[in-house]
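Asks: Chains as they are written, first to last, in our numbering: chain C, 1064 to 1243; chain L, 47 to 478; chain H, 144 to 470.
We put the beta carbon where it would ideally sit given N, CA and C, even for glycine.
It should be emphasised that the depicted structure is a prediction, and the values quoted were computed from it without experimental measurement.
Quick one: the structure is below, and I'll ask about it shortly.
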Ligand code: NA
Ligand code: NA
């Protein structure tokens, strides 16, 4: 069965991506406001914002991780394309299949281990210095997102496989000028 | 040494097979570590820990914030005005806009302590402009990638602070010593641009006639906003209002306000700028953290110590030793991310250099210059990859092709700093 | 058997020039060279060091408890101001003894084998301008690292600015901060003496910080019993003493370096000391309450620590047994 453009998985994926990216964008904007407010508070009123450094750290991690699934799904990770001209076009799907499989395995291994780190951090009671935010939840979020990204890589692999075997017409889940 | 060499080869193969850089370095680092220690658990933990820690590194927060500033600056039309002005003045010179880009990178280096952030920001600001004025992608991207390396030598500089703390050298002297070689770098890069356009005139367009002064001044009048932003950031830093790390957030805020005042922002545009910045950030962090995983492995493989015994095994004059060390940096620089190169090698080599009675400030500046070269040498040139991240439609090959003259310019600079130590040591002497 | 020691701090830091080389020599002698150390730099950021040992990435490391607030609360015991001078060497010995008697059972070091503890030298206040009294400090922006430091700045009406020690130089050179709370060692190692010419001192310091040296439990268990015994004989209190001695030496060098630069040292006046004592007297009591769930006899432990401190101060220094290896 071929999913069409309006199929529910496509729609759900679209919404999820939009939500994650918007959240990352808003977090980035908040980072900017926080630094400004902290500097102004400190310089003008001798009242820096408590925990501004640790909040910045947390927001930085969120910006990076919330956007990770999108970048992975769109295969936008930085790659060297020096040999693209020499690579036989008919083999591209095999190459992308293997690459996505490697990424999938790497991400799933990382997800499992990061989850482990998160659990340990929570059991140790690790918290930030000033605001006492339990950092373990942030690390669990990272683990979940790494797992999601790994799953996306698996889907990409399958879709390259289907394309390669001639079962699906489209080359990847997205028209990716970057790769194909 | 053998393990490291094998790893380098495998890494190059994977990179050329188009495995994303982040996954290539991460995977080689991970398996290499497992191979060395025989402990799967430890390898996983090492890689996971690096990932979790790197994305929470406060000092790296300058990357998204400066990239955001660059995007907002473009959105507000500030870069239009600046490049129109530089075109008005230098449009009749072939390569004028690329020279202006080098100068702009130098200026930006004065507010930014990180080369990656400099390249990422300038990529967004300068690239569309240079394209508009008919510059080839190759020359345009190469000027930005090279110009971006100036970020670490012209103070503020994260790298010089790290070097100062590692070697207990005066950071004040290092900052002063970096100034002239930094300016020299700007001049030599400009010369590299001239050379590039002399060799390939089609890379850069030029207007036939110089513009009358009235028009030039009119164009200059429009760069006021940009000056305000620059003065705000550099002034605030030197008056002690904020730290170089915080400068990124303040700069982004300033650019945001200017864009708002110029009515260039709708909520929709703002969101797309923010999400685009977030994507760029993610791509860059993925590469940085896996570069750290890879260098963890190289460190564990004992490469720094092997290199030290190699240097000690050669029976050379002090200058010869210094040359060999710099050569090692240039070779390592082909594979390493700059910060890990400094962290791994400086503790190993500086005792040798100090033992030879050479000046550690001078050595520090030389190390930073060769580290700058590492940012643009293939196959792992971080600034080139940063531009890839910022400009997905420009291929790596295109950038590396344009970059050769700039690498040559850097070698000239190393030679000059080596031959004339006064270039580095004169300013610290008269300042303090 | 080669134990991998993950270290941090610059190659010139005393941990790398004194503690590891000396301890390595002791271990080799005690085990007839059956066990030795391999010191590796930059295996991970300082804050991740304990994780590295728990996961077996490294066998041994040294750890600053302040990196894991929440995980370590009972370890704050030696951090409060005492208003009397004492060496880091004595403090580390007293701290180790208190650990064995009281703190060990709290189990904050889950996942690692604690082989020594340590306390650094007196944390003092460095300033860009001439600061000689508590009144001068009011409203100034001073770098803090959290913990006891933040509590003291709050009491003094000082604006605490949390930044890392490695950023103190840049923040101080342009005046983002007016001063910094750091150890005297920082004058040299973090180049603070170059930007902050005045040091305001309090006998015993405004604060101290606590560290541990830890080993992976599987590594520990994998050693034959006689080697474990041999290593124990040169660890524990003896290693704690070595750690403290190193901190004293580092502080001394920081002071010398600052004096070469023409910096001044001002001791807080007797009245100011009284005032500070009054302001900070509830700090340790707040801590006692805070850790009462984990450590019901916190009050007693604190008392024991102070007595042990007086005893340890009488012991001869470890100096003759140490070596120093410059990079
Ligand atoms: Na800079
Ligand atoms: Na390179």
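By the DSSP assignment, the alpha helix (DSSP H) with residue 472/L in it spans what residues?
Replies: Note, residue 472/L: alpha helix (DSSP H), 468-477.
Asks: Count Cβ pairs between the region 264-277 of chain L and the region 85-99 of chain L that sit closer than 8 Å; are there 3 or more?
Replies: In short, these stretches do not touch, since the Cβ pair count stays below three.
Asks: Is the CB-CB distance between residue 290/H and residue 349/H below 8 Å?
Replies: Against a cut-off of 8 Å, the Cβ pair of residue 349/H and residue 290/H comes out as no contact.
Asks: From residue 285/H to residue 1186/C, what does the alpha carbon distance come to, in whole angstroms?
Replies: About 33 Å.
Asks: Given the structure, does residue 227/L come close to ligand 1, in the sense that its CB is under 7 Å from one of the ligand's heavy atoms?
Replies: Not so, every heavy atom of ligand 1 lies at least 7 Å from the Cβ.
Asks: Candidates 381/H, 352/H, 405/H, 361/H: which alpha carbon is nearest residue 220/H's?
Replies: Of 381/H, 352/H, 405/H, 361/H, the residue nearest in Cα terms is 352/H.
Asks: What does DSSP give as the partner residue(s) for residue 259/H in the beta ladder?
Replies: In DSSP, residue 259/H forms a bridge with 356/H.
Asks: Measure the Cβ-Cβ separation of residue 334/H and residue 339/L and say whether it is below 8 Å.
Replies: No, the pair does not count as a contact, with Cβ atoms beyond the cut-off.
Asks: At a cut-off of 7 Å, is residue 109/L close to ligand 1 when judged by its beta-carbon and the heavy atoms of the ligand?
Replies: False, no ligand heavy atom lies under 7 Å from that Cβ.
Asks: Is it the case that the region 243-256 of chain L contacts the region 138-152 of chain L, given that we only count it when at least three CB pairs across the two stretches are under 8 Å?
Replies: They touch, by the three-pair rule.
Asks: Residues of the region 1091-1107 of chain C in Cβ contact with chain L at a cutoff of 8 Å, in chain order, please.
Replies: Within the region 1091-1107 of chain C, the residues whose Cβ lies closer than 8 Å to some Cβ of chain L are 1091, 1092, 1094, 1095, 1096, 1097, 1098, 1099, 1101, 1102, 1106, listed in chain order.
Asks: Hey, out of 108/L, 445/L, 130/L, whose CA is closest to residue 261/L's CA?
Replies: Minimum Cα distance to residue 261/L is reached at 130/L.
Asks: For residue 294/H, count the other beta carbons within 10 Å of its own beta carbon; 16 or more makes it buried, fewer makes it exposed. Which is it?
Replies: Result: buried.
Asks: Of the residues that make up the region 190-215 of chain H, which ones have a beta carbon closer than 8 Å to any beta carbon in chain C?
Replies: Residues passing the 8 Å Cβ filter: 194, 197, 209, 211, 212, 213, 214.
Asks: Taking 7 Å as the limit between beta carbons, can you name the residues of its chain near residue 433/L, skipping five residues before and five after?
Replies: Closer than 7 Å at Cβ, skipping near neighbours: 165, 169, 187, 190, 191, 440, 445.
Asks: Work out the CA separation of residue 338/H and residue 281/L for me, nearest whole Å.
Replies: Computed Cα separation, rounded: 19 Å.
Asks: Give the range of the alpha helix (DSSP H) segment to which residue 69/L is assigned.
Replies: Looking at the DSSP string, the run of the alpha helix (DSSP H) that includes residue 69/L is 67-83.
Asks: Cβ of residue 302/H less than 8 Å from any chain C Cβ?
Replies: Closer than 8 Å: yes.
Asks: Using 8 Å as the limit for Cβ to Cβ distance, is residue 193/L near chain H?
Replies: No, residue 193/L does not count as interfacial toward chain H.
Asks: Is residue 284/H close to chain C? Criterion is C-beta to C-beta, closer than 8 Å.
Replies: For residue 284/H, the answer is yes, since a Cβ of chain C falls inside 8 Å of its Cβ.
Asks: Who are the neighbours of residue 1189/C on chain H, taking C-beta pairs under 9 Å?
Replies: Those within 9 Å of residue 1189/C in chain H are 211, 212, 213, 214.
Asks: Could you spell out the range, first to last residue, of the alpha helix (DSSP H) harbouring residue 342/H?
Replies: No alpha helix (DSSP H) contains residue 342/H, which is instead part of the beta strand (DSSP E) from 341-344.
Asks: In the region 170-184 of chain H, which residues sit with their C-beta less than 8 Å from some C-beta in chain L, listed in chain order?
Replies: Cβ contacts with chain L come from 183, 184.
Asks: On the premise that residue 255/H lies in contact with residue 186/H, defined as a C-beta separation below 8 Å, what is that separation, rounded to the nearest angstrom?
Replies: In fact, because the Cβ distance is near 15 Å, the residues do not count as touching under 8 Å.
Asks: Taking just the CA atoms, how far does residue 266/L sit from residue 151/H?
Replies: If you take the alpha carbons of residue 151/H and residue 266/L, they lie about 51 Å apart.
Asks: Quick one: which chain L residues come within Cβ less than 9 Å of residue 319/H?
Replies: Under the 9 Å cutoff, chain L gives 283, 286, 287, 288, 289, 292.
Asks: Residues with a Cβ closer than 6 Å to any heavy atom of ligand 2, in chain order?
Replies: The answer, residue by residue, is 379/L, 380/L, 420/L, 423/L, 426/L, 427/L.
Asks: If distances are taken between C-alpha atoms only, which option among 157/H, 371/H, 200/H comes closest to residue 85/L?
Replies: Cα-wise, what sits closest to residue 85/L is 200/H.
Asks: Once you ignore the five residues that flank residue 300/L on each side, which residues in its own chain have a CB closer than 6 Å to its CB?
Replies: Counting only Cβ-Cβ distances below 6 Å, and skipping sequence neighbours, we find 275, 278.
Asks: Return the first residue and the last residue of the alpha helix (DSSP H) that residue 289/H is part of.
Replies: Residue 289/H -> no alpha helix (DSSP H), and no H or E assigned at all.
Asks: Under 7 Å: does the beta carbon of residue 158/L sit that close to some heavy atom of ligand 1?
Replies: The answer is yes for residue 158/L.
Asks: Leaving out five residues on either side along the sequence, give the residues of the same chain with a beta carbon under 7 Å from the beta carbon of residue 331/H.
Replies: Closer than 7 Å at Cβ, skipping near neighbours: 396, 397, 400.
Asks: Would you say the region 228-236 of chain H touches the region 456-470 of chain H, given that touching needs at least three Cβ pairs under 8 Å?
Replies: Enough Cβ pairs lie closer than 8 Å, so yes.
Asks: Please say whether residue 259/H and residue 379/H have beta carbons closer to each other than 8 Å?
Replies: For residue 379/H and residue 259/H, yes; Cβs fall inside 8 Å.
Asks: Where residue 467/H and residue 196/H are concerned, what is the direct C-alpha to C-alpha distance, given to the nearest angstrom?
Replies: Distance between the alpha carbons of residue 467/H and residue 196/H is about 25 Å.
Asks: By Cβ distance, which residues of its chain are closer than 7 Å to residue 451/H, with the 5 residues on each side in sequence left out?
Replies: Excluding residues within five positions, the ones whose Cβ falls inside 7 Å are 237, 240, 241.
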